[in-house]
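2 protein chains.
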Amino acid sequence: MYIASKDNPKIKLYTKLATSKKSREENALFVLEGARLCSEAIGRWKEKKLDIHSVFSTQKALDKYPEYIDSTLFTSRSETFHIVDEKVSEKLGETKNSQGVYIIGGMSNNILSDETLKHDGKYLVMNNLQDPGNVGTILRTCDAVGADGVIMTNNCCDLYNPKTLRSAMGSLFRLNVFVCDDFSEVCEVLKKCNIKTYAAVVDRDAQAVDKTDFSHGVAVVIGNEGRGIQKEDVALCDSRLTIKMQGNIESLNAAMAAGIILWEMKRSD
Amino acid sequence: MYIASKDNPKIKLYTKLATSKKSREENALFVLEGARLCSEAIGRWKEKKLDIHSVFSTQKALDKYPEYIDSTLFTSRSETFHIVDEKVSEKLGETKNSQGVYIIGGMSNNILSDETLKHDGKYLVMNNLQDPGNVGTILRTCDAVGADGVIMTNNCCDLYNPKTLRSAMGSLFRLNVFVCDDFSEVCEVLKKCNIKTYAAVVDRDAQAVDKTDFSHGVAVVIGNEGRGIQKEDVALCDSRLTIKMQGNIESLNAAMAAGIILWEMKRSD
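Given below as structure tokens:
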């Protein structure tokens, strides 16, 4: 179906989802923008690993990105794949030079349990991270090093924030991501799996990351950008680890610290 | 001197410098914003390691950030330290919730030579990096790991771009940064110092970063975010190194790759 009006209900739904976390949660839907990112999502949908609610593209984008977007879907699956007017695209686009390709996708719901985790796996846990760019970068890095999964407590910024999804650059579709209510429940499940939990801290007394044995199942917890992991949560972990360096350690941002730790976790493989 | 007007020449100079690279280069001046960042700059100025052209602060900021900004300087050094009207501050502020503290600083000019480099030092070279956020993050990480210096070829984005300075969070004042015209000249100076140069590449045939001997003087070159280092420049380096991983290596962004390499360079210390 061709969409010419900004008042089309699907267009209204898209803009609502793009700006409101509440709306995303109520509908269990999220939005994506960009030819490559949407192409990856469509790929996952073809593998039946992602639900897609709606796809929107301008005719210009279909002509410009044939390697990313299969235009035949817009006729064969026209209830889901919509060509939209340039003006409608302007309303949907969040970045200045929007590519004119958009998706409404369905949130997937990975349940954290001793059956869904690999007991010898390598996991990263995000606890109270607030910057969407950091969360996205950490997802990318987990994907890059081949981590077995990412666990996010829901005091973090929203996984489906458009900015997070942009920074994550499709890693979300390749990773096992678990969003959980409560950190203590996360620790209980990890304990059940014999996965050792480490709190990443800035503390000279903690174990050095490069002297840590990662040969078994392990989960490292990264905390808030400014305040780190709160004491009660550190106490729930089996141990504490730190990155020991000679420089001005305060200069290491949360995503970079996570990256160095992930690198150390995986180099032992 | 109290500044009430947006038409004050110093205010006009600030806004020009904030938006124009050309103006920064012509005047050899740059701008900074934020209480903590300006406080670090003033600290360096007191140590006579940074020139300061002008400091601007609202009265509100002086009251709010006494731990950062010494208000006595605004009377004792009133030719340089100016209290500005809130409206003037609004004109200067680049971020939404500006803190009301601003500096015009003088660029320093570190000359790259066999006398200014430590022959057993650890250096990072940025070649054609275009994202100010990445450059800032890499500066922060060099500071965190205690690298001996950073060399930037001037095909990179501007070191004094306000966004770079914000991401670098004061690391610029703690690091030896050399900005150079030409990559081949950089390689010549490094060679003269017997500092071994490695091109960081995405190539399975290159030497693994964690199997590399960093016990001598070494400089690692990081290239453009999308295209890496161009062939001719790789050929100028002594050797090539890479980060070998099982995951989707393409997901590693330039700043994260630099961070992992810096970590490996410094862990041998």
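Chains as they are written, first to last, in my numbering: chain A, 1 to 269; chain B, 1001 to 1269.
Think of the CB as a built atom: it goes at the ideal place given N, C-alpha and C, for glycine as much as any other residue.
{"Query": "N- and C-terminal bounds of the alpha helix (DSSP H) containing aspartate 233 (chain A)", "Result": "231-236"}
{"Query": "Chain B within 8 Å of leucine 252 (chain A), Cβ atoms only", "Result": "yes"}
{"Query": "Residues near cysteine 187 (chain A) in its chain [Cβ-Cβ closer than 8 Å; skip 5 each side]", "Result": "Thr197, Leu236, Cys237"}
{"Query": "Every unbroken alpha helix (DSSP H) within the stretch 147-199 of chain A, with a cutoff of 4 residues, ordered by chain", "Result": "162-168, 171-174, 183-192"}
{"Query": "Member of A:Arg44, A:Arg36, A:Ala41, A:His82 whose CA lies at the smallest distance from the CA of lysine 64 (chain A)", "Result": "A:Arg36"}
{"Query": "Proximal chain A residues relative to glutamine 1246 (chain B), where beta-carbon distance stays under 9 Å", "Result": "Val145, Gly146, Lys266, Asp269"}
{"Query": "CB contact check: serine 1171 (chain B) to chain A, cutoff 8 Å", "Result": "yes"}
{"Query": "Glutamine 1099 (chain B), buried or exposed, once every other Cβ within 10 Å from all chains shown has been counted against 16", "Result": "buried"}
{"Query": "Contact belief for valine 1031 (chain B) with isoleucine 1103 (chain B) at Cβ below 8 Å, rounded distance in angstroms", "Result": "7 Å"}
{"Query": "Pairwise C-alpha distance: lysine 1087 (chain B) and arginine 1077 (chain B)", "Result": "23 Å"}
{"Query": "Alpha-carbon to alpha-carbon, valine 1145 (chain B) and aspartate 1233 (chain B)", "Result": "26 Å"}
{"Query": "Neighbour flag for methionine 126 (chain A) against chain B, beta carbons, 8 Å", "Result": "no"}
{"Query": "Valine 1135 (chain B) - DSSP class collapsed to helix/strand/coil", "Result": "helix"}
{"Query": "Rounded straight-line distance, which links the Cα of asparagine 109 (chain A) to that of phenylalanine 173 (chain A)", "Result": "13 Å"}
{"Query": "Beta-carbon separation (whole angstroms), leucine 62 (chain A) vs serine 71 (chain A), contact threshold 8 Å", "Result": "5 Å"}
{"Query": "Proximity test, Cβ basis, 8 Å: tryptophan 45 (chain A) and chain B", "Result": "no"}
{"Query": "Host alpha helix (DSSP H) of glycine 287 (chain A) (start-end)", "Result": "In the structure as shown, chain A starts at 1 and stops at 269, and residue 287 (chain A) therefore has no counterpart that could be examined."}
{"Query": "Members of the stretch 201-215 of chain A that neighbour chain B once the beta carbon cut-off is set at 7 Å", "Result": "Asp210"}
{"Query": "Contiguous beta strand (DSSP E) assignments of at least 3 residues, all confined to the stretch 20-64 of chain A", "Result": "29-33, 51-57"}
{"Query": "Distance CB(glutamate 194 (chain A))-CB(histidine 119 (chain A)) smaller than 8 Å", "Result": "Inspection of the sequence shows that residue 194 (chain A) is occupied by asparagine rather than by glutamate. Yes. Within cutoff."}
{"Query": "Reference glutamine 230 (chain A); option with closest CA among A:Lys6, A:Lys46, A:Leu252, A:Val201", "Result": "A:Val201"}
{"Query": "Partner residues on chain A for glycine 1259 (chain B), Cβ-Cβ distance less than 7 Å", "Result": "Met256, Gly259, Ile260"}
{"Query": "Cβ-based neighbour list, valine 1189 (chain B), same chain, cut-off 8 Å, excluding 5 preceding and 5 following", "Result": "Leu1112, Ser1113, Asp1114, Leu1117"}
{"Query": "CB contact flag (aspartate 1051 (chain B), glycine 1121 (chain B), <8 Å)", "Result": "no"}
{"Query": "Endpoints, the alpha helix (DSSP H) within which valine 1088 (chain B) is located", "Result": "1086-1092"}
{"Query": "Cβ-based neighbour list, leucine 1241 (chain B), same chain, cut-off 8 Å, excluding 5 preceding and 5 following", "Result": "Tyr1198, Ala1199, Ala1200, Val1201, Ala1206, Gln1207, Ala1208, Val1209, Thr1212, Val1220, Ile1261"}
{"Query": "Residues near glycine 1170 (chain B) by beta carbon distance below 6 Å, same chain, minus five either side", "Result": "Leu1037, Glu1040"}
{"Query": "Chain A contact residues for isoleucine 944 (chain B), given Cβ-Cβ distances below 7 Å", "Result": "Nothing can be reported for residue 944 (chain B), as the shown portion of chain B is limited to 1001 through 1269."}
{"Query": "Proximity to tryptophan 263 (chain A) [Cα-Cα], best of B:Met1245, B:Asp1158, B:Lys1021, B:Arg1166", "Result": "B:Met1245"}
{"Query": "For glycine 43 (chain A) and lysine 96 (chain A), the rounded distance between their alpha carbons", "Result": "26 Å"}
{"Query": "Residue interval of the beta strand (DSSP E) (run including threonine 72 (chain A))", "Result": "Threonine 72 (chain A) -> no beta strand (DSSP E), and no H or E assigned at all."}
{"Query": "Integer-rounded CB distance, given that asparagine 224 (chain A) should sit under 8 Å from leucine 129 (chain A)", "Result": "6 Å"}
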